């Protein structure tokens, strides 16, 4: 039987980072392109806080599995 190759354990996290960055760029572009009337704090939460919390939780989940 062939040996299974060892995959990088944080690959899902790396893919998640790429997806979050692309989504963040899209949200920021839409905010500036449409003159979004949202207050600055709401924009900061959407663009910075939510992705950081999501990535931190995802990272901790993958590290605890190993």
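Residue numbers (the working numbering): 1432 to 1497.
Positions of the beta carbon are idealized from the N, C-alpha and C atoms, including for glycine.
Please read all numbers here as calculations on a predicted model, not as lab measurements.
As assigned by DSSP and simplified to three states, the class of residue i
i, result
"residue 1436", "coil"
"residue 1465", "coil"
"residue 1491", "helix"
"residue 1442", "helix"
"residue 1470", "coil"
Inter-residue Cα distance where the pair is residue i and residue j
i, j, result
"residue 1449", "residue 1472", "24 Å"
"residue 1478", "residue 1458", "7 Å"
"residue 1494", "residue 1467", "37 Å"
"residue 1475", "residue 1437", "39 Å"
"residue 1483", "residue 1452", "10 Å"
Residue nearest to residue i in terms of C-alpha spacing, selected from the options
i, options, result
"residue 1491", "1479, 1438, 1443", "1443"
"residue 1489", "1464, 1440, 1463", "1440"
"residue 1481", "1454, 1434, 1460, 1462", "1454"
Contact with chain B by residue i, beta-carbon distance below 8 Å
i, result
"residue 1491", "The structure shown contains no chain B; it is built from a single protein chain."
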